[in-house]
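Student:
There are 2 protein chains.
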Amino acid sequence: MATVAAKREISSAENDELSREPKRPKADDKNGEEGGNESEWENVLSTFTTSSVLSDSAREKIMFVHGKIADHDAVVVLEKTPIREDSLAELFRGSKLRLELRNDIYSSYRLQAPPHLNEIKTTVVCPATEKHVKKYKRQESFLVEETSEDYRSITLPYIQEQSLSLQASWVYNILEKKAEADKIVHDDADPEVGFVLLPDLKWDQKQVDDLYLIAIVRQKDIKSLRDLSSEHLPLLQNVFLRGKEAILQRYNLPASKLRVYLHYQPSYYHLHVHFTKLGYDAPGCGVERAHLLSDVIQNLQTDPQFYKSRTLHFPLRADDGLLRRFKEAGRL
Amino acid sequence: MATVAAKREISSAENDELSREPKRPKADDKNGEEGGNESEWENVLSTFTTSSVLSDSAREKIMFVHGKIADHDAVVVLEKTPIREDSLAELFRGSKLRLELRNDIYSSYRLQAPPHLNEIKTTVVCPATEKHVKKYKRQESFLVEETSEDYRSITLPYIQEQSLSLQASWVYNILEKKAEADKIVHDDADPEVGFVLLPDLKWDQKQVDDLYLIAIVRQKDIKSLRDLSSEHLPLLQNVFLRGKEAILQRYNLPASKLRVYLHYQPSYYHLHVHFTKLGYDAPGCGVERAHLLSDVIQNLQTDPQFYKSRTLHFPLRADDGLLRRFKEAGRL
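Chains as they are written, first to last, in my numbering: chain A, 20 to 351; chain B, 20 to 351.
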């Protein structure tokens, strides 16, 4: 299933990538709480020399570093640990503070905590292969401006060339109930306005906090937002209405707790709609890639050709073939 | 600066609200780089007693704590700092490591860093009012649908009633260079299309990875997206063009790395535009609240009254007075 997940949903959020690990063996060893090999390993990292930062997130306080330990390639992942409520008293008592700014009732400081209260989770992959390095490497994204003419002359031909590799046979398997049939939350068999609603593979379904479902439409010839016109309004309205109803019934989550949107560019060129929980920072829900279904419907009601004539902006990863085409066309 | 940052703008849906405060005092003091009042303030926090954790994020390594300093109510915001590439060598050399697990080529550790390489950004609000406590407390959000009629009958009267407390005197301080003048990245004095561009207080400016700037327009009577019409196109285009140019010059970041957008609802009702780095998961960049400036411009070019006639969706926190009005009007 992991493959399908990877296919289903890629890019946009660069962090998305960060979490994808090649293969992670299960833990078979737990020791060192009180020392053990500590000193040995202390030496190992103290000789680590950095070649480059593969990726990092200032928001999540995480960094992936490529370098060498002795003669071996290594990847080191550093991630600051969450602040723990049970250590607050000791933290406040035992820290040093340096005032940065004071203004009325507000003041800000740099706090230096006792090291044992402020650890950094450190993972070492050594020796690391080329594959590890590539996996952890951030792919930068670039915001692309696509006019309707760009779509016709650059994007559409690219999609069509890729059609073999992009054809989403797993989508058809779902629509035909050859796969994941047991997961379907709502099934509307109508060939015009019908769709299948099911949990996205990113969602473990253990809590609704990060609820994530996908509605896959039954019509097979709608590649993306760009293909939509007012004739698709009954389909879009049906997905919007019935999708929200089904989620209310199954998960007891009302429409006011949902973010319902399409991606452009999508991960695969068969029209689908994302339903995620409001307040959950779902990968790909950023304004640079997501389009609220309610806005899409309004736009098509006002202008039947809205998405055929519009200039659209979206991020593409550095290694995306479509980005290369935009560059070759002098559009970046 | 962190304090004010917390006020100006915080996270996407729920965290977002954590920061929003009606009134923002101007900075009047900057000191303590090498000590100064350090010891005095050290004592103040060492006597802090925690009443409760108002909210936290394990992903972002941030915590909002309510408690007492002496007899005063106080809110303390703790946020771990991003890992810095320029300190890696010292970090690897100077840290202590405790082995947690070793398995084949993978091993994981708890790393104890020299305190000065692993600081915690700490903001203190003291004395804090009931209002502060409420603001920082985690609140659920609800997606609200606002028709143009809802805006006129519910939102606009609400904004006007709040105008005294919502009036952003700190914005005027910036525009008049009474505060933060040294931080200004671009200043366009034109009364019609002019604006001031400066770093958002959430951004520590130490790395461009989480670049976050705000353009505050000089015109004082534009409350939000809802007030925009085609007459504002020269202003919007000027902010878009000059803002991107200034960021390229100062930070060497091209337009293809920027996400430029407005919020609706905004945190304060004086028109401003957000510039954040593409790929940085900036709080509030979700599709449910952010509107790409490029889309706003296109929409107004097509329909001069677009934002006056449109139904808009946005999240509101459970404790937001505006949400109560929507509920009272039977609109939720």
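Glycine included, every Cβ here is placed at the ideal spot set by N, Cα and C. All of these numbers come straight from a predicted model, not from anything done at the bench.
1. Does any residue of chain A have a CB that is nearer than 8 Å to the CB of valine 72 (chain B)?
2. Helix, strand or coil: which one does DSSP assign to phenylalanine 325 (chain A)?
3. Let me make sure I understand the geometry here. Which of A:Pro101, A:Gln268, A:Thr68, A:Arg129 has the alpha-carbon closest to that of lysine 140 (chain B)?
4. State whether the stretch 276-284 of chain B contacts the stretch 331-342 of chain B, with contact taken as three or more CB pairs (one from each stretch) at a distance under 8 Å.
5. What are the complete beta strand (DSSP E) segments, minimum 3 residues, inside the stretch 53-131 of chain B?
6. Between the beta-carbon of histidine 310 (chain B) and the beta-carbon of leucine 244 (chain B), is there less than 8 Å?
7. Among B:Leu341, B:Lys296, B:His85, which residue has its Cα nearest to the Cα of proline 146 (chain B)?
8. For aspartate 300 (chain A) and chain B, any beta-carbon pair shorter than 8 Å?
9. Roughly how many angstroms separate the alpha carbons of leucine 290 (chain B) and leucine 247 (chain B), rounded to a whole number?
10. Taking the DSSP output, what are the residues bridged to tyrosine 299 (chain A)?
11. Cα-Cα, which of B:Leu220, B:Leu73, B:Gln238, B:Ala89 is closest to glutamate 159 (chain B)?
12. Residues of chain B with CB closer than 7 Å to the CB of histidine 332 (chain A), please, in chain order.
13. Starting from the beta carbon of glutamate 211 (chain A), find every residue of chain B whose beta carbon is closer than 7 Å, and list them in chain order.
14. With 8 Å set as the bound, which would you pick, yes or no: does the beta-carbon of serine 126 (chain B) sit closer than that to a beta-carbon of chain A?
15. Under 8 Å between C-beta atoms, does aspartate 75 (chain B) make it to chain A?
16. Taking Cβ-Cβ distances below 8 Å as the criterion, which residues of the stretch 145-156 of chain A are in contact with chain B?
17. Please state the DSSP three-state secondary structure of tyrosine 283 (chain A).
18. Would you call the stretch 312-328 of chain B in contact with the stretch 265-272 of chain B, where contact means no fewer than 3 C-beta pairs closer than 8 Å?
19. Can you tell me whether DSSP reads tyrosine 177 (chain B) as helix, strand or coil?
20. Which residues of chain A have a Cβ atom closer than 8 Å to the Cβ of arginine 278 (chain B), listed in chain order?
21. Is there a Cβ from chain A that is less than 8 Å from the Cβ of glutamate 347 (chain B)?
22. Please confirm whether proline 218 (chain A) and leucine 232 (chain A) have their CB atoms less than 8 Å apart.
23. Looking at the C-beta of histidine 291 (chain B), does it have a partner C-beta in chain D at a distance below 8 Å?
24. Give the single residue among A:Ile88, A:Leu107, A:Phe83, A:Ile102 whose Cα lies nearest to the Cα of valine 96 (chain A).
25. Step through the CB atoms of chain B and report whether any lies within less than 8 Å of the CB of lysine 140 (chain A).
26. Is it buried or exposed for lysine 153 (chain A), if we count other Cβ within 10 angstroms and need 16 for buried?
27. Hey, would you say isoleucine 178 (chain B) sits closer than 8 Å to arginine 344 (chain B), going by beta carbons?
28. Can you give me the Cβ contacts of lysine 87 (chain A) inside the same chain, cut-off strictly under 6 Å, excluding the 5 residues immediately before and after it?
29. Nearest-angstrom Cα distance between histidine 151 (chain B) and valine 94 (chain B)?
30. How many Å lie between phenylalanine 214 (chain A) and asparagine 271 (chain A) at the Cα?
31. Valine 144 (chain A) by DSSP, collapsed to three states: which one?
32. What's the gap between the Cα of aspartate 240 (chain A) and the Cα of tyrosine 288 (chain A)?
33. Please confirm if arginine 245 (chain B) has its CB atom under 8 Å from at least one CB of chain A.
34. Should aspartate 90 (chain B) be labelled buried (16 or more other beta-carbon atoms within 10 Å of its own) or exposed?
35. Would you grab the beta carbon distance between proline 323 (chain A) and serine 249 (chain A) for me? Rounded to a whole angstrom, and I think it's under 8 Å.
36. What does phenylalanine 259 (chain A) touch in chain B if you count any residue whose Cβ is under 7 Å from its own?
Tutor: Quick look at the numbers:
1. Here the question's residue 72 (chain B) lines up with position 53 in the second sequence. So, interface residue.
2. The sequence position of residue 325 (chain A) within the first sequence is 306, counting from 1. DSSP places phenylalanine 325 (chain A) in helix when its eight states are reduced to three.
3. If you number the second sequence from 1, residue 140 (chain B) lands on position 121. Here the closest residue by C-alpha is A:Arg129.
4. yes
5. 68-76, 81-88, 91-99, 115-122, 125-131
6. Here residue 310 (chain B) corresponds to residue number 291 of the second sequence, with the count starting at 1. Here residue 244 (chain B) corresponds to residue number 225 of the second sequence, with the count starting at 1. In this structure, leucine 244 (chain B) lies closer than 8 Å to histidine 310 (chain B) by Cβ.
7. As a working note, residue 146 (chain B) is residue 127 in the second sequence. If we check each option's Cα against that of proline 146 (chain B), B:His85 comes out closest.
8. Against the first sequence, residue 300 (chain A) aligns to sequence position 281. Judged by the 8 Å Cβ criterion, aspartate 300 (chain A) is in contact with chain B.
9. Working through the second sequence from its first residue, we reach residue 290 (chain B) at position 271. Working through the second sequence from its first residue, we reach residue 247 (chain B) at position 228. Cα-Cα distance, rounded: 9 Å.
10. Translated into positions along the first sequence, residue 299 (chain A) becomes position 280. Its beta-bridge partners do not exist; DSSP assigns none.
11. Counting from one through the second sequence, the residue named residue 159 (chain B) turns up at place 140. Nearest of B:Leu220, B:Leu73, B:Gln238, B:Ala89 to glutamate 159 (chain B), Cα basis: B:Leu73.
12. Translated into the one-based positions of the first sequence, residue 332 (chain A) becomes position 313. Chain B residues near histidine 332 (chain A): Leu311, Ser313.
13. Stepping through the first sequence from its first residue, residue 211 (chain A) is reached at position 192. Result: empty, since nearest Cβ-Cβ is about 26 Å, beyond 7 Å.
14. If you number the second sequence from 1, residue 126 (chain B) lands on position 107. Output row for serine 126 (chain B): interface = yes.
15. The residue given as residue 75 (chain B) occupies position 56 in the second sequence. Yes, contact with chain A.
16. Cys145, Pro146, Ala147
17. Within the first sequence, residue 283 (chain A) is the residue found at index 264, counting from 1. DSSP places tyrosine 283 (chain A) in coil when its eight states are reduced to three.
18. no
19. As a first step, residue 177 (chain B) is located in the second sequence; it is residue number 158 there, counting from the start. Helix.
20. Within the second sequence, residue 278 (chain B) is the residue found at index 259, counting from 1. The contacting residues are Leu162, Gly305, Val306, Glu307.
21. One-based indexing of the second sequence puts residue 347 (chain B) at position 328. No - not a single Cβ of chain A is within 8 Å of the one on glutamate 347 (chain B).
22. Position 199 of the first sequence holds residue 218 (chain A). Position 213 of the first sequence holds residue 232 (chain A). A contact, by the Cβ cut-off of 8 Å.
23. Among the protein chains in the structure shown, which are A and B, there is no chain D.
24. The sequence position of residue 96 (chain A) within the first sequence is 77, counting from 1. Nearest of A:Ile88, A:Leu107, A:Phe83, A:Ile102 to valine 96 (chain A), Cα basis: A:Phe83.
25. Locating residue 140 (chain A) in the first sequence gives position 121, counting from the first residue. Answer yes: the Cβ-Cβ gap between lysine 140 (chain A) and chain B drops below 8 Å somewhere.
26. Numbered from its first residue, the first sequence carries residue 153 (chain A) at position 134. Looking at its Cβ environment, which holds fewer than 16 other Cβ atoms inside 10 Å, lysine 153 (chain A) is exposed.
27. The residue given as residue 178 (chain B) occupies position 159 in the second sequence. The residue given as residue 344 (chain B) occupies position 325 in the second sequence. Result no, Cβ atoms of isoleucine 178 (chain B) and arginine 344 (chain B) do not sit closer than 8 Å.
28. Position 68 of the first sequence, counted from the start, is the residue given in the question as residue 87 (chain A). Taken in chain order, the residues that qualify are Thr68.
29. Locating residue 151 (chain B) in the second sequence gives position 132, counting from the first residue. Locating residue 94 (chain B) in the second sequence gives position 75, counting from the first residue. Roughly 8 Å separates the two Cα atoms.
30. Position 195 of the first sequence, counted from the start, is the residue given in the question as residue 214 (chain A). Position 252 of the first sequence, counted from the start, is the residue given in the question as residue 271 (chain A). Their Cα atoms are separated by approximately 21 Å.
31. The residue labelled residue 144 (chain A) in the question sits at position 125 within the first sequence. Valine 144 (chain A): strand per DSSP, three-state reduction.
32. In the first sequence, residue 240 (chain A) corresponds to position 221, counting from 1. In the first sequence, residue 288 (chain A) corresponds to position 269, counting from 1. Taking the straight line joining both Cα atoms gives about 9 Å.
33. Locating residue 245 (chain B) in the second sequence gives position 226, where the first residue counts as 1. False, the Cβ-Cβ gap to chain A never drops below 8 Å.
34. Here residue 90 (chain B) is taken as the residue at index 71 of the second sequence, counted from 1. Exposed, since its Cβ has fewer than 16 Cβ neighbours within 10 Å.
35. Walking along the first sequence from the start, residue 323 (chain A) turns up at place 304. Walking along the first sequence from the start, residue 249 (chain A) turns up at place 230. Contact flag correct, Cβ pair sits at about 4 Å.
36. Working through the first sequence from its first residue, we reach residue 259 (chain A) at position 240. Result: empty, since nearest Cβ-Cβ is about 12 Å, beyond 7 Å.
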